[in-house]
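Here is the structure we will look at.
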DNA sequence: CTGTTAGCGCTTTCAC
DNA sequence: GTGAAAGCGCTAACAG
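Protein chains in written order, with the numbering used here: chain A, 20 to 359; chain B, 20 to 359.
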């Protein structure tokens, strides 16, 4: 009478249904090339009809589990959940274990890394600014632990990295603002220690220059990638004698801060002031009006990073792969043509 | 020359070192009762000296993996990362797989649940408001899939649940404000559909009443648990003829919104206005000044939920356990004595 | 190209 | 109380 949960099909069931050995079935599942097309088709059909899903845990016992270390810095915390989601999704799919360590929980980042190494991780995923830290990279190499750089703006040749083209993203957004008719465009830059901050600023400056627009020095303020820093930058920018008609902040947290200050000054957005962000984190849609921003596929990128990290931990691991995330301009309500 | 990573010790190594069979070692590791103390001690020492850590993946292949479904609603997204962190930590420790599903990615919550059931999960973890939804609970029961309620304010007798005492938390904070000398205290309430919102409001009202303070109806505004809702509530509250000297918002997102509006009006915090939040999410420390709030141990609670869910999915699972998270008042810079 | 054998690290079952 | 054997679901390694 009770609803019986039927046993999940194993690879042997698949093999039997397809009339082959389980080894052949395994090869098909894993995309091993040297299987005849006819056989492959039969197996694939059996997989479909049985609804077979490989048991990643069992697989991991055989292939050797990799314990993968993952650092995180709280830089833009709204990104964190996406980062984790993507990483964990991939981890459970490939049957590896993730050891997460908040780097700011340690006196120095190097100690956070050391803790992971001591725990026996096979490789590590390094977000900025750690992924650009030569000392850390070197100590990792000495310990024989591979590193995957995550979201670095300067992927090193021959080292695995997942990244976006921050430069191109900043170009896109600057272009968008210029196309809208803005001329007096201000920029709130991130933490200069992050390579991404530098690239985003470069993208902004070059696009402006190419459009024949000058970037007034007073129009570039430091926000350090934090909400609080953005608050100060915004206060500076919006109290200038000649106020910019658009402010492009190097991340959403700072853009949200600009929005808060603008509201405080009684400015209406986007009629009086256009605001643009970067990252498309959750704050972009919680503030009002919602922010025009650049979306980066953080979750997918984290998943790729885990995949690279696993390859790295494996004996015959192929190192040096680069994966680039696809950027997208998300146009929302915070940008419009400048007031005339 | 290269740093060789030594193989992790297996239970067989432990057994050999202790001079027993691996079976006995296994029993000790798992706390099986019928092992002589002398033998147990020997094994435990071997575990320590070898630094043995059980391989949870291998264990899971034998005990049968449980696939556990986990819904999430984006209510307070800042909580999400903690929720995920705790859940995944526990999951990898107990060797189960987590299937995450954002409930708002589906037209109705019921469909999100159905998707998990179809995927073959052994049990589900339900955050609010789903955990209080009778229809969903019933359909789950019909499908023979157990449910663990997460953060519900009304844990059902005999059903597994992880929760906090929202009522007590609201009391703590209200008490704190009253002790500071506040009399005109306003409240921004959450989404009435969430049971937690109701309990928090009750806690506020009762504490006020017990202190002999009246709660003016105009002093209670709706914020719907969102930043945007908080913005409107704050605008209402701060434009009242007789402005409150303190505002207690039922979550941090709304408290942050109150802070933004107050800044906009040129009020200084906490000199002119005290602001209190609830949850201690990351926004509490990103806004300035940092928010006094109530911390709930989300990560630990999520870990407990996973544990309960696993018990539920097992054949001889013990249902009906309740786990209560420990609340804590975090006093930061946003509250102080009222202006005189 | 495909199948056989062996075994990952652990635990269940059933002896003793 | 303790151990020997068998096997979870999967895949390396080697045959053929």
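Ideal Cβ positions, reconstructed from N, Cα and C, are used throughout, including at glycine.
task = Could you pull the start and end residues of the beta strand (DSSP E) that residue 121 (chain B) belongs to?
result = Per DSSP, residue 121 (chain B) belongs to the beta strand (DSSP E) from 116-121.
ask   = Thinking C-alpha only, which one of A:264, A:315, A:117 and A:168 is nearest residue 86 (chain A)?
value = Minimum Cα distance to residue 86 (chain A) is reached at A:117.
query = For the putative contact between residue 59 (chain A) and residue 47 (chain A), defined by C-beta atoms under 8 Å, what is the C-beta separation to the nearest angstrom?
reply = Going by Cβ atoms, the distance from residue 59 (chain A) to residue 47 (chain A) rounds to 5 Å, so yes, they are a contact pair.
query = Going along the chain, which residues of its own chain have a beta-carbon closer than 7 Å to the beta-carbon of residue 150 (chain A), five neighbours each way excluded?
reply = Here the set comprises 168, 169 and 171.
query = Grouping DSSP H, G and I as helix and E and B as strand, with all else coil, what is residue 51 (chain A)?
reply = Reduced to three states, the DSSP call for residue 51 (chain A) is coil.
query = Could you give the distance in angstroms between the alpha-carbon of residue 22 (chain B) and the alpha-carbon of residue 166 (chain A)?
reply = For residue 22 (chain B), the pLDDT reaches just 42, beneath the cut-off of 50, and the residue's location in the model is therefore unreliable, leaving the point undetermined.
key: Close beta carbons around residue 241 (chain A), own chain, < 7 Å, minus the five adjacent residues each side   = The answer, listed in chain order, is 208, 248 and 252.
message = Strictly below 7 Å CB to CB, what residues from chain A border residue 77 (chain B)?
response = Going along chain A in sequence order, the residues near residue 77 (chain B) (Cβ under 7 Å) are 80.
message = Going by the DSSP bridge assignment, what does residue 272 (chain A) pair with across the sheet?
response = Paired residues: none, contrary to the question.
ask   = Taking the C-alpha atoms as reference points, what is the distance between residue 259 (chain B) and residue 217 (chain B)?
value = Near 24 Å, if we compare the C-alpha coordinates of residue 217 (chain B) and residue 259 (chain B).
ask   = Any Cβ of chain B within less than 9 Å of the Cβ of residue 305 (chain A)?
value = Taking CB atoms only, residue 305 (chain A) has a neighbour in chain B less than 9 Å away.
request  = With 9 Å as the C-beta to C-beta threshold (strictly closer), list the residues of the stretch 235-264 of chain B near chain A in chain order.
outcome  = Per Cβ criterion, the list reads 245, 246, 247 and 250.
inquiry  = Does the stretch 263-281 of chain B come into contact with the stretch 224-234 of chain B, if we say contact requires no fewer than three beta-carbon pairs (one atom in each stretch) closer than 8 Å?
reply    = Counting Cβ pairs under 8 Å, fewer than three are found: no touch.
Neighbour flag for residue 22 (chain A) against chain B, beta carbons, 9 Å = In this prediction, residue 22 (chain A) has a pLDDT of 42, which is less than 50 and means its spatial position is unreliable; what the coordinates show is noted afterwards. For residue 22 (chain A), the answer is yes, since a Cβ of chain B falls inside 9 Å of its Cβ.
ask   = Using 8 Å as the threshold, is the stretch 344-357 of chain A in touch with the stretch 291-305 of chain A, meaning 3 or more CB pairs across them?
value = Segments in contact, yes.
task = Consult DSSP for residue 346 (chain B) and reduce its assignment to one of helix, strand or coil.
result = Note: residue 346 (chain B) maps to coil in three-state DSSP.
request  = Measure from the C-beta of residue 32 (chain A) to each C-beta in chain B and report whether the shortest distance is under 9 Å.
outcome  = For residue 32 (chain A), no CB of chain B lies under 9 Å from its own CB, so it is not counted at the interface with that chain.
inquiry  = Can you check which of these residues, A:124, A:49, A:143 and A:199, is closest to residue 92 (chain A) by C-alpha distance?
reply    = Comparing Cα-Cα distances from residue 92 (chain A) to each of A:124, A:49, A:143 and A:199, the minimum goes to A:124.
key: Residues sharing a beta bridge with residue 329 (chain B), DSSP   = Residue 329 (chain B) is bridged by DSSP to nothing; it lacks a bridge partner.
request  = Quick one: give me the first and last residue of the alpha helix (DSSP H) that residue 206 (chain A) is part of.
outcome  = According to the DSSP assignment, residue 206 (chain A) belongs to no alpha helix (DSSP H) but to the beta strand (DSSP E) extending over 204-208.
message = Can you pull the chain A neighbours of residue 116 (chain B), defined as C-beta to C-beta under 8 Å?
response = Within 8 Å Cβ-Cβ: 75, 76 and 111.
Under 7 Å from the C-beta of residue 119 (chain A): neighbouring residues of chain B = Annotation: Cβ neighbours of residue 119 (chain A) in chain B (cutoff 7 Å, chain order): 104.
task = Consult DSSP for residue 91 (chain A) and reduce its assignment to one of helix, strand or coil.
result = DSSP, read as helix, strand or coil, puts residue 91 (chain A) in strand.
key: Integer Cβ distance of residue 57 (chain A) from residue 44 (chain A), believed to fall under 8 Å   = Actually they do not touch by this definition, with Cβ atoms about 14 Å apart.
Contiguous alpha helix (DSSP H) assignments of at least 4 residues, all confined to the stretch 103-185 of chain B = Entirely contained in the stretch 103-185 of chain B, the alpha helix (DSSP H) runs reaching 4 residues are, in chain order, 128-137 and 153-162.
query = By how many angstroms is the C-alpha of residue 287 (chain A) removed from the C-alpha of residue 230 (chain B)?
reply = Rounded to the nearest angstrom, the two C-alpha atoms are 42 Å apart.
key: Within chain B, the residues that residue 27 (chain A) reaches when beta carbons sit closer than 8 Å   = Within chain B, the residues near residue 27 (chain A) are 139.
Identified DSSP bridge partners for residue 236 (chain A) = Under DSSP, residue 236 (chain A) takes part in no beta bridge, so it has no partner.
inquiry  = So residue 283 (chain B) contacts chain A; which residues on that side make the cut at Cβ distance below 7 Å?
reply    = Here the neighbours are 282 and 283.
query = In chain B, which residues lie with their C-beta within 8 Å of the C-beta of residue 107 (chain A)?
reply = The contacting residues are 103, 107, 117 and 119.
task = Measuring only between beta-carbons, confirm whether residue 323 (chain B) sits less than 9 Å from chain A.
result = It does not; no Cβ of chain A falls within 9 Å.
Own chain partners of residue 311 (chain A) with C-beta closer than 6 Å, once the 5 adjacent residues on each side are dropped = Once the five neighbours on either side are set aside, the close Cβ partners of residue 311 (chain A) are 295, 350, 351, 353 and 354.
message = Suppose the cutoff is 6 Å on Cβ atoms and the five residues either side in sequence are ignored; what does the same chain contact list for residue 104 (chain A) look like?
response = Short of 6 Å from the beta carbon of residue 104 (chain A), and not among the five residues preceding or following it, lie these beta carbons of its own chain, in chain order: 318.
query = With burial defined as no fewer than 16 other Cβ atoms inside 10 Å of the residue's Cβ, what is the status of residue 276 (chain B): buried or exposed?
reply = Its Cβ being crowded by 16 or more others within 10 Å, residue 276 (chain B) is buried.
key: Cβ neighbour criterion (16 or more within 10 Å) applied to residue 111 (chain B)   = Residue 111 (chain B) should be labelled buried.
ask   = Do we get a CB-CB distance below 9 Å when we pair residue 99 (chain B) with the residues of chain A?
value = Taking a beta-carbon distance threshold of 9 Å, residue 99 (chain B) counts as an interface residue toward chain A.
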